[in-house]
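What follows is a set of notes on a single structure, which appears directly below.
In full-length UniProt numbering, the protein residues as written are 1 to 127.
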């Protein structure tokens with residue numbers, strides 16, 4: 001089995017993106033990475049007719065070849081999930097506190113409490 005970079009190079013050579021690239025070698029890293037015209041042409045090609053798979057392959061190829069920083073925004077959804085979980089927990093606790101002063105607990109209260117338990121277990125497992 002060949003390395004992943006070779007597979008991507010073969011894939012990119014077969015993809016429509018090579019129509020934009022007018023050099024004999026895809027190994028010309030300095031030319032690829034420094035060219036704003038190439039970046040503009042790649043973007044135009046990707047918007048015009050490349051599939052999602054091809055555009056992701058090109059993006060990965062350029063990221064690897066040009067040593068571009070990898071974006072990692074994995075903490076954003078996690079933070080939003082915990083914020084919404086805290087809001088839901090606060091709401092259910094408030095519901096139980098206000099119900100304790102007078103009326104009895106119904107099936108909807110116990111369902112909300114069970115749902116919070118499930119939500120908390122999912123959030124703890126995802127971190």
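Virtual Cβ for every residue (Gly too), placed ideally from N, Cα, C.
Check, Outcome
"Determine whether the beta carbon atoms of residue 97 and residue 116 lie at a separation below 9 Å.", "no"
"Rounding to the nearest angstrom, what Cα-Cα distance links residue 105 and residue 114 in this structure?", "13 Å"
"Where does residue 71 fall in DSSP's three states?", "coil"
"CA-CA distance, residue 52 and residue 60?", "12 Å"
"Check residue 51 in the structure and name its three-state DSSP category.", "coil"
"Measuring alpha carbon to alpha carbon, tell me which of 75, 119, 126, 77 ends up nearest residue 85.", "119"
"Quick one: give me the first and last residue of the alpha helix (DSSP H) that residue 139 is part of.", "Residue 139 falls outside the range modelled here, since the chain spans only 1 to 127, and no answer is possible."
"Let me know if residue 68 comes out buried or exposed under the rule of 16 or more other beta-carbons within 10 Å of its beta-carbon.", "exposed"
"Express the C-alpha separation of residue 72 and residue 4 in angstroms, rounding to a whole number.", "For residue 4, the predicted structure reports a pLDDT of 49, less than 50, and the residue's modelled location is therefore unreliable. A value from the coordinates is still provided. Between residue 4 and residue 72, the C-alpha separation is close to 21 Å."
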